[in-house]
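Trainee:
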């Protein structure tokens, strides 16, 4: 992963993970012993049992499996294993150090610290803690001031400082707001303030939980994103999450859980099917190109609807484009989807053909799409275009290239569903804040539908949601594949490619509202700017819009203008995009 220069050389942070304690040196203590759970005796049931083995190239992953009642067993590629009801990752309890073990030349008693160094570090840490406390708890707090005696001189300086680091931060936890701590940690990382980052990550370690409240669950995955960014291991985590674990059947079940308890995918399927059915209602030959066909579930609903068409169903051909996660979940290639859809269409007596394009959207060229003359074409982009790198990432700009390619096919309609979030070109801290805000709402919406201690829900979040959070926080450049844009930006891209917005009929919103009856009343649906916005409380979560070739619209307008009318001269047709 390409990291910014200020994150590539924090030697103190890297030693935290890479260097074990020297057992024969009782003075080999960390300057900041904040990430060692074993140094704290007052954490009670919040403690974490940790086994840590050093590796040449350490990678912290979210790979996990559920085991035991109330506990989660985690297996990591980095040889880190944790049993806890909290965050399922990371070697927080390791005894690795931040400090340089070499003794000071002024130190004659063998200790790696000089007296002045300990005092300076103690005062610096005290000042940082006080700044943090004032910003989070207000000027009336006396937690840090009450510990002035912890910073003393003499032989007890190093031990006092280490015990203060852990104990005092832990004492602050009940008074702190978790979201404020997450924001402060991201700000400190953005400012390259590694002392504050390390302290705040220790505080977060005591506050997050994969089975807790929505903000605690989000915090667990954000914390791992921050660690991965520091370790430049975000891309490794993302790849491991997508490809290595869990098994195909497990991943399929986790995806199904989210599909069942959240309306986000059904929003895309329902909206898209209504529009496509309207546009292709009277066509004899239908070709649908789906740029993320997944399991093909969306098209079973459309096939069933078109089968009831007066005069008989059309012949339907579907071109499916694959992605690695869906391939893994299926346990095989697109032929599985083709067979499934073919059998379903046969049961409805619908003529059907399936064509697979087993490649990513970035690789798609005209010859892969097999468009035939005389077909009425519809193209579907469900939550997939944000994965295509744009001009800020690659000179090839596949995001806009695909739109121009689709435009050249003269489709009858193009449907687009995307997350309503702005993380594409935003700098780190802005993107970090947007991620916190968006996924806070996401976890809240999941929370109302599934118990917090449900193991399947925990696994579904880890393997289907957490990987995206880690990618957005930890990765940069081409390795950051989660690059969302707001509807206004998508609208600009489509219009630049030669599309005009297709006006949505009332039937689209009606169908979505009917679908939302199955879910919590806090979901909202709003129509504006020619698009449908699905929201949770006051936060927009996803948008749906439909598009058509601007040239075709102008041709149709001119044809209507030339059509004679017995009621007087033809009036110029007006199209509202």
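Numbering (this note's numbering), first residue to last: 20 to 596.
Backbone N, C-alpha and C fix where the C-beta goes; we use that ideal spot for every residue, glycine too.
Since we're looking at a predicted model, the values are computed, not measured.
Whole angstroms is fine: what's the gap from residue 360's alpha carbon to residue 226's?
Mentor: So the two alpha carbons sit approximately 47 Å from each other.
Trainee: If distances are taken between C-alpha atoms only, which option among 488, 537 and 516 comes closest to residue 248?
Mentor: 488
Trainee: According to DSSP, simplified to helix, strand and coil, what is residue 311?
Mentor: coil
Trainee: Do the segment 466-482 and the segment 531-541 meet, that is, are 3 or more Cβ pairs less than 8 Å apart?
Mentor: yes
Trainee: Can you check which of these residues, 564, 291 and 238, is closest to residue 456 by C-alpha distance?
Mentor: 238
Trainee: Excluding sequence positions up to five away, which residues of its chain have a Cβ less than 7 Å from the Cβ of residue 11?
Mentor: This structure cannot settle anything about residue 11, because the visible part of the chain is limited to 20 through 596.
Trainee: Could you tell me the alpha carbon to alpha carbon distance between residue 287 and residue 363, rounded to whole angstroms?
Mentor: If I take the Cα positions, the gap works out to 21 Å.
Trainee: CB-CB under 6 Å to residue 235, same chain, minus the five flanking residues each way: which ones, in chain order?
Mentor: Within the same chain, residue 235 has close Cβ partners 227 and 228.
Trainee: Who are the near neighbours of residue 167 in its chain, counting only those whose CB is closer than 7 Å to its CB and skipping five residues on each side?
Mentor: Here residue 167 scores only 40 on pLDDT, less than 50, and its place in the model should not be relied on; the value that follows carries that caveat. Answer for residue 167: no residue qualifies.
Trainee: What is the rounded straight-line gap between the Cα of residue 341 and the Cα of residue 313?
Mentor: 7 Å
Trainee: Using a threshold of 8 Å, state whether the C-beta atoms of residue 535 and residue 565 are closer than that.
Mentor: no
Trainee: Would you say the beta carbon of residue 518 comes nearer than 7 Å to a heavy atom of the ligand FMN?
Mentor: Of ligands this structure carries none, so the ligand FMN is not represented either.
Trainee: Please identify the residue among 368, 495 and 347 whose C-alpha is closest to the C-alpha of residue 251.
Mentor: For residue 251, the nearest C-alpha among the options comes from 495.
Trainee: Give the DSSP-derived three-state secondary structure of residue 458 in the structure shown.
Mentor: helix
Trainee: Does the segment 204-211 come close enough to the segment 445-453 that 3 or more CB-CB pairs lie under 8 Å?
Mentor: Output reads yes: the segment 204-211 touches the segment 445-453.
Trainee: If you draw a straight line from the C-alpha of residue 475 to the C-alpha of residue 299, how long is it?
Mentor: 40 Å
Trainee: From the DSSP secondary-structure annotation, give me the bridge partner or partners of residue 374.
Mentor: 338
Trainee: For residue 378, which residues of its own chain have a beta-carbon under 8 Å away from its beta-carbon, when the five flanking residues on both sides are left out?
Mentor: 340, 341 and 387
Trainee: From the DSSP secondary-structure annotation, give me the bridge partner or partners of residue 562.
Mentor: 437 and 552
Trainee: May I have the straight-line CA-CA distance separating residue 85 from residue 278, to the nearest angstrom?
Mentor: Only weak support is given to the placement of residue 85: the predicted model assigns it a pLDDT of 35, under 50, and the value that follows is read from those uncertain coordinates. Roughly 21 Å between the two C-alpha positions.
Trainee: Just to confirm, is the Cβ distance from residue 454 to residue 402 under 8 Å?
Mentor: no
Trainee: What do you get for residue 345, buried or exposed, if any count of 16 or more other CB atoms within 10 angstroms of its CB means buried?
Mentor: buried
Trainee: In the DSSP output, what is residue 519 paired with across the bridge?
Mentor: 567
Trainee: What number of angstroms, rounded off, separates the C-alpha of residue 412 from the C-alpha of residue 328?
Mentor: 45 Å
Trainee: Closest to residue 374 by C-alpha separation, out of 393, 353 and 394, would be which residue?
Mentor: 353
Trainee: Would you report the Cα separation of residue 220 and residue 492, rounded to the nearest angstrom?
Mentor: 15 Å
Trainee: Evaluate residue 440 with the Cβ neighbour count: other Cβ atoms within 10 Å of its Cβ, from every protein chain shown; 16 or more gives buried, anything less gives exposed.
Mentor: Its Cβ being crowded by 16 or more others within 10 Å, residue 440 is buried.
Trainee: Per DSSP, residue 306 forms a beta bridge with which residues?
Mentor: Note: residue 306 sits in a beta bridge opposite 336 and 396.
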